[in-house]
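Engineer: One structure is given below, represented as structure tokens, and several questions about it will come after.
Numbering (the numbering used here), first residue to last: 51 to 228.
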């Protein structure tokens, strides 16, 4: 069963019942997923950004966008307009496929994983997960990785409160720390 079907048939009715919501349009749902990688070494290594963009494109299944510095910061040797990271925003079907992969494959592959801290959910019910290495994703071949880099995954919801967001993520199958 795909994530979209699971949400419609199982998660949404449970959320309506547990949160006492009568309007089905008011039920919290994931709107988008944002993958972000900051590349500090891009200042000295010009090829780093292209390699990161390639890897994030493989992970997301959608072409990643290069982010540029908004301001010059002399302490970090960054000039305005310099490429400093890569991000991709997933919506719709690609988002659903990524969530299935995240919950079913990636999170179970984490070493020494004891659950996601509740503090990773912000006040608006969005979940931020930081991964220390990109090799836990099945699309990345360990032999072809030049350097292990971390990445951040943000699941953005339309939930108005932290509690509603946590309930949604729990029903989706994301394990939280006890």
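Cβ coordinates follow ideal geometry from the N, Cα and C atoms, glycine included. Quick caveat: nothing in here was measured; it's all calculated off a predicted structure.
With which residues is residue 80 paired in a DSSP beta bridge?
Structural biologist: In the chain shown, counting from the first residue as 1, residue 80 sits at position 30. DSSP, once it has assigned bridges, lists 207 as partnering residue 80.
Engineer: Got a sec? Which residues, its chain only, sit under 7 Å from residue 188 by beta carbon, not counting five neighbours each side?
Structural biologist: Position 138 of the chain shown, counted from the start, is the residue given in the question as residue 188. Around residue 188: 155.
Engineer: Alpha carbons only, please: which of 130, 74, 82 is nearest the one belonging to residue 59?
Structural biologist: Here residue 59 is taken as the residue at index 9 of the chain shown, counted from 1. The option with the nearest alpha carbon to residue 59 is 74.
Engineer: What's the gap between the Cα of residue 77 and the Cα of residue 70?
Structural biologist: Residue mapping note: residue 77 aligns to position 27 of the chain shown, counting from 1. Residue mapping note: residue 70 aligns to position 20 of the chain shown, counting from 1. Roughly 10 Å between the two C-alpha positions.
Engineer: Who does residue 118 pair with in a DSSP beta bridge?
Structural biologist: The residue labelled residue 118 in the question sits at position 68 within the chain shown. In the DSSP output, where bridge partners are listed per residue, residue 118 has 133.
Engineer: Do you know whose CA, among 101, 162, 125, 115, lies nearest residue 184's CA?
Structural biologist: Stepping through the chain shown from its first residue, residue 184 is reached at position 134. For the residues 101, 162, 125, 115, the minimum Cα distance to residue 184 belongs to 101.
Engineer: Relative to the C-alpha of residue 86, which candidate in 219, 201, 228, 216 has its C-alpha closest?
Structural biologist: Taking the chain shown and counting its residues from 1, the one referred to as residue 86 is at position 36. With distances taken between Cα atoms, residue 86 lies closest to 201.
Engineer: Can you tell me which of the three DSSP states residue 190 falls into?
Structural biologist: Against the chain shown, residue 190 aligns to sequence position 140. In this structure, residue 190 counts as coil in the three-state DSSP scheme.
Engineer: For the candidate residues 63, 225, 66, 62, whose alpha-carbon lies nearest to that of residue 159?
Structural biologist: Here residue 159 refers to the residue found at position 109 of the chain shown. With distances taken between Cα atoms, residue 159 lies closest to 225.
Engineer: Can you list, in chain order, the residues of its chain with a C-beta nearer than 7 Å to that of residue 170? Leave out the 5 residues immediately preceding and following it.
Structural biologist: The residue labelled residue 170 in the question sits at position 120 within the chain shown. Answer for residue 170: 177, 178, 179, listed in chain order.
Engineer: Since residue 142 is in the alpha helix (DSSP H), which residue starts that stretch and which ends it?
Structural biologist: What you label residue 142 is simply residue 92 of the chain shown in a count that begins at 1. First-last of the alpha helix (DSSP H) with residue 142: 142 to 151.
Engineer: How far does the alpha helix (DSSP H) with residue 213 in it reach, from first residue to last?
Structural biologist: Residue 213 sits at position 163 when you count from the first residue of the chain shown. Its alpha helix (DSSP H) spans residues 212 to 222.
Engineer: Using only the alpha-carbon positions, how far apart do residue 145 and residue 207 sit?
Structural biologist: By one-based count along the chain shown, residue 145 stands at place 95. By one-based count along the chain shown, residue 207 stands at place 157. Straight-line Cα distance between these residues: approximately 12 Å.
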